[in-house]
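Let me begin by presenting the structure, written as structure tokens, before commenting on it.
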Amino acid sequence: MPPVISARGVDFAYGKNPVLHDLSLTVQSGEVVCLLGPNGVGKTTLVENLLGSLRPHSGSVRVFGADPRRADAAFWARIGLVQQNWSDHAKWRVKDQLEWIRSMQLTASVRVADVAEVLDAVGLADKADSRLSRLSGGQRRTLDFAAALLGRPELLILDEPTTGLDPASKARLHDLIMDRVDDDATVLMTTHDLSEAERLASRVIIMAAGRIIADGTVAELREGLSREAEVTWVQDGEHHVHATAAPERFLQQLDLDAISGLTVTRPTLEEAYLALVSQPAEAEQNGTDHLTIRRDPATTPTAKEPRT
984 MPPVISARGV DFAYGKNPVL HDLSLTVQSG EVVCLLGPNG VGKTTLVENL LGSLRPHSGS
1044 VRVFGADPRR ADAAFWARIG LVQQNWSDHA KWRVKDQLEW IRSMQLTASV RVADVAEVLD
1104 AVGLADKADS RLSRLSGGQR RTLDFAAALL GRPELLILDE PTTGLDPASK ARLHDLIMDR
1164 VDDDATVLMT THDLSEAERL ASRVIIMAAG RIIADGTVAE LREGLSREAE VTWVQDGEHH
1224 VHATAAPERF LQQLDLDAIS GLTVTRPTLE EAYLALVSQP AEAEQNGTDH LTIRRDPATT
1284 PTAKEPRT
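Residue numbers (our numbering): 984 to 1291.
In structure tokens form, the structure reads like this:
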């Protein structure tokens, strides 16, 4: 099956300021790919190149096998999009905004959902008659997500979709994202929330200095650290601590019936992320896209498989 997203050798600059450097990535059907990196490294610029709103200075971009800059209405009906910024009619009511999107932007979709159904799913049913100007920032962000779900999209492209949301709203949107994946969707999202990436991602891509410096599962990124896991337990009244690179194997040596308080503390995604983004100068010096983590595309898990 061809990839849903394919970018090859993409370079992009704003004037004389280079942003993306020979960047390549592939996203397969069913993946949830979280794109991480400090502010200003090119995550949103990459998304805009993938959407065709920016044109690569060199390289190529294909989404569903097509150039997004030449795509038709049927192509866009397959994509649900949440961008960082929005423009709307402040005096419109919530349901009117969605009905307009449904009628004007999703005419080519055969999967379009009912507005009331989508508002209920995202928790905004009670705001259907509210004017957009009266929504909180988090509610307005949730409305963007509702609009992205209207066409029951095959591909969700989400640029920091949960920024400003309270924990309950964020959890609801996480569930809706995974519901779409369980149905048939692929997801590419940018986020600064590492716990969000740990919960959702079947694969994590980390950018620094306009390059991809790591690409792998959460487990692969954790294992890329040199720090070992720490096993602690209590036996015969004594507290024990053991560091090991293979905690599962070590646990097989313990008499689990004779111990208590067993914990295994592994390196976190946050630790891996901070270690990786501190090295962009080395990546630039080496002229490589992937500094630390390399992955075999044939072994990439889809979002439907268990994640650690």
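We treat Cβ as the ideally placed atom computed from N, Cα and C, and that holds for glycine.
Where Ala1226 is concerned, there is no enclosing alpha helix (DSSP H), although the beta strand (DSSP E) around it starts and stops at 1221 to 1227. Under the DSSP assignment, Gly1120 falls in the alpha helix (DSSP H) whose first and last residues are 1120 to 1132. If you check the CB distance, Thr1173 and Glu1203 do not come in under 8 Å. Distances from the alpha-carbon of Gln1236 to those of Leu1171, Val1214, Leu1257 put Val1214 closest. Thr1125 is the residue among Phe1058, Thr1251, Thr1125, Gly1063 whose C-alpha sits nearest the C-alpha of Ala1154. Per DSSP, the continuous alpha helix (DSSP H) segment holding Leu1156 begins and ends at 1150 to 1166. Here Asp1198 is buried, its C-beta having at least 16 other C-beta atoms within 10 Å.
Inclusion of Gln1067 and Leu1115 in the CB contact set at 8 Å is not warranted, their separation being larger than that value. Checking the DSSP bridge columns, you'll see Asn1000 partnered with Tyr997.
Per DSSP, the beta bridge partners of Glu1213 are Ala1226, Thr1248. By a beta-carbon distance limit of 8 Å, Pro1250 contacts Arg1205. Their separation comes to about 5 Å. Non-local beta-carbon contacts of Leu1033 in its own chain, meaning distances under 8 Å to residues more than five positions away in sequence, involve Ile988, Ala990, Val1044, Val1046, Pro1051, Ile1140, Leu1171 in chain order. The beta carbon of Lys1074 is closer than 8 Å to those of Arg1114, Leu1115, Ser1116 in its chain, skipping five residues each way along the sequence. Three or more Cβ pairs drawn from the region 1002 to 1010 and the region 1185 to 1200 lie within less than 8 Å of each other, which places the two stretches in contact.
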